[in-house]
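Reviewing the structure listed below.
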Amino acid sequence: MTTNPYAAYRTVETMTADPVTLTTMLFDGAVKALRKARLHWENGNRRGFDDETNRAYLIIGELRATLDMSQGEIAENLAAIYAYCLRRIVEGSLGDLAKLEEVERHIGQIGEAWKTATGALRAQAAAARPGTEAAA
């Protein structure tokens, strides 16, 4: 039996990642799947297109499922955006690439905001640790 070393690495990476990193991986994975879906469509590969739109759908569904709804308005707004994106993927899976590109933009923007916010929080936490000097 041969194994794909990249797949093995990704499995280990996923199994050992913290929740912030996992969420980042989900955003990146959804955007990547939507881009690949577009390329498959343009190349006439319907099966690849279907596989990647399904992958994006599942990833965004996971982002929605992992929201902490006790966080109030921000979680409710994200849930609504994710639900909208899921509907657009279903509509786009019939070959309307503009709908998939719209989802890619939304998820990409949310993902970038997530990376910015979590990066800032991690920097603050690192600066607050004993033995670490804050930037002057």
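Residue numbers (our numbering): 29 to 164. Ideal Cβ placement from N, Cα and C applies to all residues, glycine included.
> Roughly how many angstroms separate the alpha carbons of residue 62 and residue 140, rounded to a whole number?
Replying inline: Here residue 62 is taken as the residue at index 34 of the sequence shown, counted from 1. Here residue 140 is taken as the residue at index 112 of the sequence shown, counted from 1. If I take the Cα positions, the gap works out to 16 Å.
>> So the candidates are 115, 136, 137 and 70; which of them puts its Cα closest to the Cα of residue 127?
In response: Position 99 of the sequence shown, counted from the start, is the residue given in the question as residue 127. Looking at the Cα atoms, 115 is the closest of the given residues.
> Are residue 59 and residue 119 closer than 8 Å when you measure CB to CB?
Replying inline: Position 31 of the sequence shown, counted from the first residue, corresponds to residue 59. Position 91 of the sequence shown, counted from the first residue, corresponds to residue 119. No. Outside cutoff.
>> For residue 48 and residue 144, which I take to be in contact (beta-carbon distance under 8 Å), what is that distance rounded to the nearest angstrom?
In response: Taking the first residue of the sequence shown as 1, we reach residue 48 at position 20. Taking the first residue of the sequence shown as 1, we reach residue 144 at position 116. Not a contact, Cβ separation roughly 12 Å.
> Taking the C-alpha atoms as reference points, what is the distance between residue 67 and residue 50?
Replying inline: Taking the first residue of the sequence shown as 1, we reach residue 67 at position 39. Taking the first residue of the sequence shown as 1, we reach residue 50 at position 22. Counting only the Cα atoms, residue 50 lies some 26 Å from residue 67.
> What are the boundary residues of the alpha helix (DSSP H) that residue 147 is part of?
Replying inline: Translated into positions along the sequence shown, residue 147 becomes position 119. Boundaries of the alpha helix (DSSP H) around residue 147: 125-156.
> How many angstroms separate the CA atom of residue 106 from the CA atom of residue 73?
Replying inline: Here residue 106 is taken as the residue at index 78 of the sequence shown, counted from 1. Here residue 73 is taken as the residue at index 45 of the sequence shown, counted from 1. Residue 106 and residue 73: Cα-Cα distance of roughly 32 Å.
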